[in-house]
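K.L.:
Take a look at the following structure, please.
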Amino acid sequence: MHSMQLNGRLVNFEAGQTLLEVARANEVPIPTLCHHPGLESHGGCRLCVVEVTRAEWDGWWRMVSACEFPAADDLIVATESERLSRTRRNVVDLLLARCPETPFTVALGRDFGLAKSSLAPRAEPDDCILCGLCVRVCAAVGAHAIAGADRGVHKQVGPPYAPPSFERPPGLAPAGDCIGCLCCAEICPTGHIRYENNAQGREIWGRSFRVVECASCGAPLGTPEQLDHFAARSGLSRDYFERCDACSKLDTARAFDQQVMGEGTS
Amino acid sequence: MLIESVAALRARQAELSELWAGLERRVLVCAGTGCVAGGALEVHAALTQATEESALDVSLELSSCADRDGPGGTLLVESGCHGFCELGPLVHILPDDILYTRVRPKDAAAIVEKTLGAGEVIDRLLYKDPVSKEPRQGHGEMGFYAHQKRVVLARCGEVSPASLDSYLATGGFCALATALDTLTPEEVLREVEQSGLRGRGGGGFSTGRKWRSALRAREARPDSRLHVICNGDEGDPGAFMDRSIMEGDPFAVLEGMALGAFALGSTRGYIYVRHEYPLAVRRLERAIAVLRDAGLLGERILGCDFSFDLELTRGGGAFVCGESSALMRSIEGKPGEPRAKYTHSTDRGLFDEPTVLNNVETWALVPYIVDHGAAHFAAIGTERSPGTKAFSLVGKVNNTGLVEVPMGTTLRRIIFEIGGGIQKGRAFKAVQTGGPSGGCLPAEKLDLPVDFDTLTAAGSMMGSGGMIVMDERTCMVDVAKYFIDFLMGESCGKCVPCREGLGQLSSLLAQVTRGEGSESLLSKVESLAETMELASLCALGRSAPNPVLSTLAYFRDEYLQHIEKQRCPAGVCKALVTYRITEACTGCEACRKACPVGAITGEKKVLHVIDDALCTRCGACEAVCAFDAVLVE
Ligand SMILES: Cc1cc2nc3c(=O)[nH]c(=O)nc-3n(C[C@H](O)[C@H](O)[C@H](O)COP(=O)(O)O)c2cc1C
Ligand code: SF4
Ligand code: SF4
Ligand code: SF4
Ligand code: FES
């Protein structure tokens, strides 16, 4: 069994856990922004910083991101200090200056005692805090349709390598690989990624999709691209994806009943 | 030509060294990037033609110096950078030690006839001392060279970088031969450990320790491979040490990597070269091909049980790609973004396997260490920073160029004796070391010895060896803003403190240069700087506040003058200066003609006047005035 010190308390952990996981398991709160338990760590927001040291480090310490730093035996971790509060508040202040009108950052600012940013607001702000969640979820879905483009203060997320609209051959969509699954829009904490579901179908990243309906109940299912993609990725038959979750569960249950019980349920 | 065994290599080395020693003369035309841009290749061609037309015994290759009658003859080659780029194209004639500067193709005939033919020195092509204006014949008479100690740059400017023969003739591959036939890998590693070598790429991390941890990591995971990588990304503005080594002595870098691979049991290496270095890429690619043909790279090197090959990767073009984790991702074909290094790359680096990444200069020093022994190397420089360090000395010094000195040499000696002091006799103000995220040190610090720990303690750093000298006309706020803006453009944008922090620092500094803000602005700067240093993901963000913090530490008053008195003491910040013409004006009309907006009025021989409302502070008048009558205040 491994153990380390967390805010003066001896806690156990399993090999491979991050400091954030250990802290959460022990109900020690650490603020996070770009972390998502189901996705690869990013280490971009730096809100989850904590201080680590070791007895043999002779008073030397370092600030690390808890979402990435691996827990280790005999590590001494502090999740709260004057310096950490100052640092986290500055990080939030920087984000608030980046997105001064965005409800998400405004609320975050309030949590950290900032009614408004003490810094110069960005000249033409949008709602993106560059947490990278959308890019990672899209990669996890397997579409890899969006990425970070440019660098530094000019960094943006969006479909990469999109030729300018007037150079684009008709039919080629800006987000070339996007399957219209909406995962990015749903995970985005600030609502920066706009999309629309309407009578014609679905629009996201400047691209229009048809939406197909469940073969059994007629509920909207998703885009054909999305269903093709899931079929190809899972190796299952495309037919399997023609029905919505509820209907396919029902089908399975019926089939099960028929086989095992030899009679139908109705 | 395939060299089949260590014995055959040694025989070849002996034969070539003899040819080398027998040469009567060597004529070296600098073919570094600077001199090539100035027309060095044309100079070389003109010299070749002129020698062919003469009766002199001149060869273009070392091996062809053999079949001439009589001993030696003259070897005429293109060499790597001589270091004194300012005055190129350069032609150096040895052993006479005659250095010709600013040579043009039409000078070739005279050089061949007078100097090579009759042994005369052509005065008009010599370097003139900036202070005494006296001509100086060669390196021996020039402060620029006399105070240097060339170890890693020993061959740069001395041999043809394209010629394996010259490399072998000057001791090249002796170290690898010794390693292969008399040393064990462990002994090579121990030599590097005991030399005390510290990485030349930035942090000054112990090379031996890095190698040892990678080796341990690999031993712990026997199924994994160990990779060696050379960092040739050199993105610091104004730095060209690594470029000069890659261009001027490519075989040394490759031999160093082969020795590392031997010590660490690696079979695969990568050289990551900055995208903007086409000449370095060409020379290295050629050198790799030559070594493969010679059996010095590839399967069973020199017939021994040691196989190692190398691949060259061209950089992604961003400064941050020089950072180790970003560089490794870039080699893997992924976007060059840093990752948190909570697991060392010696443990999980390239392809998640144990990896040793070293800088160009670090690798190029390895053959020297194995050849001369750890103790010899450790005796150069200081105890904690052994060896020499190459610097690119630029800015307002008289002699700019590539220099190499023992660690522990004072800043004063580098700037005033080697650099020949400040241009136009102006006063020294500061020296910036350590690249864009280094720091600026003031005159009080001139007597500091240059080594890793002293520079860090003084609030700057060694970095990879950029050294920018500034004179009294430099505004330190403007300098800080320049570096912050550079870094702002180069930050990868992944993490908040660096990306947003640099943007905010830039706009805060812009306020200072406009004379706005108050003391509380400076505390805001300091508070942001602390957050960036503590919380940024990679070393770019963590060191990015250095230019501001070091100028605030040593030149705080200059910041306050801007903020409180709306004055830029150096007369640089455009919003805070006025241009005025003093009594010294002779009415020559030069400034009136130079002013692009017509803000200057005046008749011939009458004192001229600048209309402040029209003046755009472009400085054109000041630049043309021969009487120093334009005052900036
Ligand atoms: C932003 C950034 C840029 C860097 N650029 C370079 C570079 O161009 N060349 C280099 O050798 N090291 C560079 N480094 C340092 C490398 O990360 C690494 O420490 C070094 O290559 C290790 O080699 P050494 O131990 O031989 O110095 C850079 C570091 C950072 C943070
Ligand atoms: S909607 Fe498009 S961009 Fe967004 S996650 Fe799905 S595939 Fe990726
Ligand atoms: S669009 Fe949303 S999820 Fe994507 S990086 Fe920006 S804030 Fe994060
Ligand atoms: S510190 Fe700067 S360069 Fe490094 S990861 Fe963060 S944003 Fe990128
Ligand atoms: S949650 Fe750890 S850096 Fe964002």
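The listed protein sequences correspond, in order, to chains P and G. At position 262 of the first sequence the residue is numbered 262 (my numbering), and the sequence of numbers has no breaks. Take the position in the second sequence, starting the count at 1, then add 1000; the result is the number in my numbering. Each residue gets a CB set at the ideal place from its N, CA and C atoms; glycine is no exception. Source: prediction; values computed, not measured.
Quick one: does residue 198 (chain P) have its CB under 9 Å from some CB of chain G?
P.N.:
No, residue 198 (chain P) lies away from the interface with chain G (no Cβ there is under 9 Å from its Cβ).
K.L.:
Select from G:1392, G:1431, G:1160 and G:1435 the residue whose C-alpha is nearest the C-alpha of residue 1287 (chain G).
P.N.:
That would be G:1160, whose Cα lies nearest to the Cα of residue 1287 (chain G).
K.L.:
CB of residue 1539 (chain G) to nearest heavy atom of ligand 4: below 8 Å?
P.N.:
Correct: residue 1539 (chain G) has its Cβ closer than 8 Å to ligand 4.
K.L.:
Output the residue ranges of the beta strand (DSSP E) runs that lie fully inside the segment 1256-1306 of chain G and measure 3 residues or longer, sorted by chain position.
P.N.:
Entirely contained in the segment 1256-1306 of chain G, the beta strand (DSSP E) runs reaching 3 residues are, in chain order, 1268-1273.
K.L.:
If you drop the 5 nearest sequence neighbours on each side, which residues of the same chain put their C-beta closer than 6 Å to that of residue 1429 (chain G)?
P.N.:
Closer than 6 Å at Cβ, skipping near neighbours: 1470, 1471, 1472 and 1474.
K.L.:
Does the segment 1013-1025 of chain G touch the segment 1056-1068 of chain G, meaning 3 or more C-beta pairs lie closer than 8 Å?
P.N.:
The segment 1056-1068 of chain G is in contact with the segment 1013-1025 of chain G.
K.L.:
Below 9 Å on C-beta distance, what does residue 69 (chain P) contact in chain G?
P.N.:
Per Cβ cutoff of 9 Å: 1340 and 1342.
K.L.:
Check the C-beta distance from residue 1197 (chain G) over to residue 1486 (chain G) and give it rounded, since I have them as a contact under 8 Å.
P.N.:
30 Å between Cβ atoms; not a contact.
K.L.:
For a contact meaning CB atoms closer than 7 Å, what does residue 120 (chain P) contact in chain G?
P.N.:
Residues of chain G passing the Cβ test: 1504 and 1507.
K.L.:
Sorry if obvious, but does the Cβ on residue 1095 (chain G) come closer than 8 Å to a heavy atom of ligand 4?
P.N.:
Result no, Cβ not under 8 Å from ligand 4.
K.L.:
Can you check whether the C-beta of residue 1017 (chain G) is within less than 9 Å of a C-beta belonging to chain C?
P.N.:
Structure shown: chain C not included; protein chains present are P and G.
K.L.:
With 9 Å as the C-beta to C-beta threshold (strictly closer), list the residues of the segment 95-117 of chain P near chain G in chain order.
P.N.:
Answer set for the segment 95-117 of chain P: 95, 97 and 98.
K.L.:
If you measure beta-carbon to beta-carbon, which residues of the segment 1451-1484 of chain G are closer than 7 Å to chain P?
P.N.:
So nothing in the stretch comes that close.
K.L.:
Identify, in the order they occur along the chain, each residue of the same chain with its Cβ nearer than 7 Å to the Cβ of residue 44 (chain P), setting aside the five sequence neighbours on each side.
P.N.:
Answer for residue 44 (chain P): 34, 130, 131 and 132, listed in chain order.
K.L.:
Against chain P, does residue 1575 (chain G) count as a neighbour if the rule is that its beta carbon must be under 9 Å from one of theirs?
P.N.:
Residue 1575 (chain G) does not count as touching chain P.
K.L.:
Determine, using beta carbons only, whether residue 1126 (chain G) and residue 1100 (chain G) come nearer to each other than 9 Å.
P.N.:
A contact, by the Cβ cut-off of 9 Å.
K.L.:
Straight-line CA distance for residue 179 (chain P) to residue 36 (chain P)?
P.N.:
One C-alpha to the other measures close to 22 Å.
K.L.:
At which residues does the beta strand (DSSP E) containing residue 1099 (chain G) begin and terminate?
P.N.:
Where residue 1099 (chain G) is concerned, the enclosing beta strand (DSSP E) stretches over 1098-1100.
K.L.:
From the DSSP output, read off the bridge partner residues of residue 63 (chain P).
P.N.:
For residue 63 (chain P), which the question treats as bridged, DSSP gives the partners P:51.
K.L.:
Closer than 9 Å by beta-carbon distance: list the chain P residues that pair up with residue 1346 (chain G), in chain order.
P.N.:
Here the premise fails: no neighbours, minimum Cβ distance about 16 Å.
K.L.:
What's the C-alpha gap between residue 1632 (chain G) and residue 1573 (chain G)?
P.N.:
Cα-Cα distance, rounded: 10 Å.
K.L.:
In chain P, what lies closer than 7 Å to residue 1488 (chain G) by C-beta?
P.N.:
Neighbours of residue 1488 (chain G) on chain P, chain order: 152 and 153.
K.L.:
Below 9 Å between beta carbons is the criterion; list the residues of the segment 1199-1220 of chain G that meet it against any residue of chain P, in chain order.
P.N.:
Against chain P - using a Cβ distance shorter than 9 Å - the segment 1199-1220 of chain G contributes no residues.
K.L.:
Please compile the residues from chain P whose C-beta is within a distance smaller than 7 Å of the C-beta of residue 1494 (chain G).
P.N.:
44, listed in chain order.
K.L.:
Check each candidate in G:1498, G:1595, G:1596 and G:1373 and name the one with the smallest Cα separation from residue 1195 (chain G).
P.N.:
Residue 1195 (chain G) has its Cα closest to that of G:1373, out of G:1498, G:1595, G:1596 and G:1373.
K.L.:
Report yes if the CB atom of residue 1366 (chain G) is closer than 9 Å to the CB atom of residue 1202 (chain G), and no otherwise.
P.N.:
Not closer than 9 Å, so no.
K.L.:
Taking residue 1088 (chain G) as the reference, which of G:1250, G:1042 and G:1112 has the closest Cα?
P.N.:
It is G:1042 whose Cα lies nearest to the Cα of residue 1088 (chain G).
K.L.:
Count the other CB atoms, across all protein chains shown, that sit within 10 Å of the CB of residue 1351 (chain G); report buried if there are 16 or more and exposed otherwise.
P.N.:
Exposed.
K.L.:
Once you ignore the five residues that flank residue 1489 (chain G) on each side, which residues in its own chain have a CB closer than 6 Å to its CB?
P.N.:
Closer than 6 Å at the Cβ level, and outside the excluded window around residue 1489 (chain G), lies no residue.
K.L.:
How big is the Cα-Cα spacing for residue 1008 (chain G) and residue 1147 (chain G)?
P.N.:
If I take the Cα positions, the gap works out to 39 Å.
K.L.:
Who are the Cβ neighbours of residue 1404 (chain G) in its own chain at under 6 Å, not counting the five residues just before and after it?
P.N.:
Around residue 1404 (chain G): 1148, 1150, 1153, 1388 and 1390.
K.L.:
In chain P, what lies closer than 8 Å to residue 1614 (chain G) by C-beta?
P.N.:
Under the 8 Å cutoff, chain P gives no residues; its nearest Cβ is about 30 Å from residue 1614 (chain G).
K.L.:
Please list the terminal residues of the continuous beta strand (DSSP E) segment that includes residue 156 (chain P).
P.N.:
Where residue 156 (chain P) is concerned, the enclosing beta strand (DSSP E) stretches over 156-158.
K.L.:
Could you compute how far the alpha carbon of residue 1395 (chain G) sits from the alpha carbon of residue 1620 (chain G)?
P.N.:
Cα-Cα distance, rounded: 21 Å.
K.L.:
Using CA atoms only, rank isn't needed, just tell me which of P:239, P:89, P:56 and P:94 is closest to residue 76 (chain P).
P.N.:
Answer by Cα proximity: P:56.
K.L.:
Could you check what DSSP says for residue 1003 (chain G) in three-state terms: helix, strand or coil?
P.N.:
In this structure, residue 1003 (chain G) counts as coil in the three-state DSSP scheme.
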